[in-house]
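Asker: With my numbering applied, the sequence shown covers 176 to 425.
C-beta: ideal position from N, C-alpha, C; glycine also.
My questions will all concern the structure given below.
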Amino acid sequence: MSEFNRFSATIAHQPLFKISSHTTYGSLVRNLDLSMLGGRWEKIGHAQLAPVLASCTHVKALDLDLCQHIKDSQMLRLFGDNPHLSENLTHLVLDEVMLTDQTLGAIIRMLPKLKHLHLSETNASYRTCEAIGSCLPDLLSLELTDCDDIGEDCIEKIAEGCLELDYLKLRGCVNIMSDIEDLMLEYDNHATISIGSDDDYETGDDIADEIHNGPFVGVLSRGGNLYESYNLHDMDEEMSSDSEMSDSDE
Numbered sequence: 176m177s178e179f180n181r182f183s184a185t186i187a188h189q190p191l192f193k194i195s196s197h198t199t200y201g202s203l204v205r206n207l208d209l210s211m212l213g214g215r216w217e218k219i220g221h222a223q224l225a226p227v228l229a230s231c232t233h234v235k236a237l238d239l240d241l242c243q244h245i246k247d248s249q250m251l252r253l254f255g256d257n258p259h260l261s262e263n264l265t266h267l268v269l270d271e272v273m274l275t276d277q278t279l280g281a282i283i284r285m286l287p288k289l290k291h292l293h294l295s296e297t298n299a300s301y302r303t304c305e306a307i308g309s310c311l312p313d314l315l316s317l318e319l320t321d322c323d324d325i326g327e328d329c330i331e332k333i334a335e336g337c338l339e340l341d342y343l344k345l346r347g348c349v350n351i352m353s354d355i356e357d358l359m360l361e362y363d364n365h366a367t368i369s370i371g372s373d374d375d376y377e378t379g380d381d382i383a384d385e386i387h388n389g390p391f392v393g394v395l396s397r398g399g400n401l402y403e404s405y406n407l408h409d410m411d412e413e414m415s416s417d418s419e420m421s422d423s424d425e
């Protein structure tokens, strides 16, 4: 949590050198990944995450895996209060969150540009899948591992609406009995169906490649073009170094 608190404080600062049109370190952030943060299931709530999301105005990938301390109404506020997420977010991980099917569906309806979505071990069911099918026509990959409430009627909604889908992971979805590939083909949907545990999907997307590099965040390089992993500790040290150089110049 100490690293997260330092990160939260750092991103609100204005860079001491000009980086294109970015006014804070937070506006540089493209990938926000909390999946390796110890204790996030009880220590990261709305109060901790709200100022971070408000500062990260260009974030494209968000991983809130196991952030169970954020309840339904709070999660809806996090997405509703930050319209830049609707405009920019293409990757979302909500694995093992404690949200209702209705809340998951409502969040998805706010994020029409999603291309990669993970909802494993959640309460995702018909309302979630209906929102996916009706609001995410450009979705490329979807993971629903161990979602006990996913049935064939849910998959029909996805198959019908997500015709760009490349990959669908359904391992452990015990309520699905029929041949899913045949069901998908009925809607001319040719997504690869995964029911195994060792066939991770590779998106080939630069942002997706960065989502698990570094402790929490990937940002634009200073040239403004390339994505790179950026360690929070380095960001904090660099800000301190910049401050010392500025003081010495004076």
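Where does V349 land, buried or exposed, given buried means 16+ other C-beta within 10 angstroms?
Answerer: Within the sequence shown, residue 349 is the residue found at index 174, counting from 1. By the 16-neighbour rule on beta-carbons within 10 angstroms, V349 is exposed.
Asker: Grab the span of the beta strand (DSSP E) containing N206 for me, first residue to last.
Answerer: Taking the sequence shown and counting its residues from 1, the one referred to as residue 206 is at position 31. Taken as a continuous stretch (DSSP letters only), the beta strand (DSSP E) holding N206 covers 204–208.
Asker: I'd like the list of long-range same chain contacts for I321, defined as Cβ closer than 8 Å, with 5 residues on each side in sequence excluded.
Answerer: The residue labelled residue 321 in the question sits at position 146 within the sequence shown. The sequence as given places Asp at residue 321; Ile does not occur at that position. Excluding sequence positions up to five before and after D321, its CB lies within less than 8 Å of the CB of S295, E296, R346, G347, C348, all in the same chain and listed in chain order.
Asker: What first and last residue would you give for the alpha helix (DSSP H) that runs through L264?
Answerer: Numbered from 1 along the sequence shown, position 89 holds the residue referred to as residue 264. No alpha helix (DSSP H) holds L264; DSSP gives it neither H nor E.
Asker: Among all the DSSP beta bridges, which residues are the ones paired with I368?
Answerer: Against the sequence shown, residue 368 aligns to sequence position 193. Answer by DSSP bridge pairing, in chain order: L343.
Asker: Give every residue of the same chain whose Cβ lies closer than 6 Å to the Cβ of I368, excluding the five residues on either side of it in the sequence, and list them in chain order.
Answerer: For this step, residue 368 is matched to residue 193 along the sequence shown. These residues qualify, in order along the chain: L343, I355, E356.
Asker: With H, G and I counted as helix, E and B as strand and the rest as coil, what does DSSP make of S177?
Answerer: Against the sequence shown, residue 177 aligns to sequence position 2. Helix, per DSSP.
Asker: Output yes or no for whether 7 Å exceeds the beta carbon distance between A236 and N206.
Answerer: As a position in the sequence shown, residue 236 is number 61, starting the count at 1. As a position in the sequence shown, residue 206 is number 31, starting the count at 1. For A236 and N206, yes; Cβs fall inside 7 Å.
Asker: Measuring straight from C-alpha to C-alpha, what distance separates E327 and S309?
Answerer: In the sequence shown, the residue the question calls residue 327 occupies position 152. In the sequence shown, the residue the question calls residue 309 occupies position 134. Answer to the nearest angstrom: the Cα atoms are 17 Å apart.
Asker: If you measure between the beta carbons of L251 and W216, is that distance less than 7 Å?
Answerer: Looking up residue 251 in the sequence shown gives position 76. Looking up residue 216 in the sequence shown gives position 41. Going by C-beta atoms, L251 is not nearer than 7 Å to W216.
Asker: Roughly how many angstroms lie between the CA atoms of Q249 and G213, to the nearest whole one?
Answerer: For the purposes of this step, residue 249 is taken as the residue at position 74 of the sequence shown. For the purposes of this step, residue 213 is taken as the residue at position 38 of the sequence shown. Taking the straight line from one Cα to the other gives about 21 Å.
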